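Participant: Just so you know, we're using my numbering here: the sequence shown kicks off at 38 and counts up by one. Where is the CB? At the ideal position from N, CA and C, for every residue including glycine. Owing to the predicted nature of the structure, the values given are computational and were not obtained by experimental measurement. Got a structure for you, written out below as structure tokens; questions coming shortly.
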Amino acid sequence: VESLHRAVRTPTGMIKWTERCYCNPPLAHERSTVLDRYFDQLHTEAITKHEEYEGRPFLQYLEEIS
């Protein structure tokens, strides 16, 4: 999932990113193929434009813990 390259891990441990999705429900394809394998508390929320979040790059975090 390309959007995970934009994901960050916040100081509270939450992983955040934005993604444009036209599925109903949102992220249906992404959840069935990737996201539900790695996240157990996935929440979506509609936004009007791309947002950036403070935190460490998520993929960098994964490399450090593996």
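Leaving out the 5 sequence neighbours to the left and right, which residues in its chain are closer than 7 Å to His87 when beta-carbon positions are compared?
Facilitator: Hits under 7 Å: Thr55.
Participant: Can you say whether Ala83 is buried or exposed, counting buried as having 16 or more other CB atoms within 10 angstroms of its CB?
Facilitator: The residue is exposed, with fewer than 16 neighbouring Cβ atoms inside 10 Å.
Participant: Using a Cβ-Cβ cut-off of 8 Å (strictly less than) and excluding sequence neighbours within five positions of Phe95, which residues of its own chain qualify?
Facilitator: Once the five neighbours on either side are set aside, the close Cβ partners of Phe95 are Leu41, Ala44, Val45, Arg46, Ile52 and Trp54.
Participant: Would you mind working out which of Gly92, Ile102, Glu101 and Val71 sits nearest Gly50, comparing C-alpha positions?
Facilitator: Answer by Cα proximity: Gly92.
Participant: Roughly how many whole angstroms lie between the Cα atoms of Ala65 and Thr85?
Facilitator: Cα-Cα distance, rounded: 19 Å.
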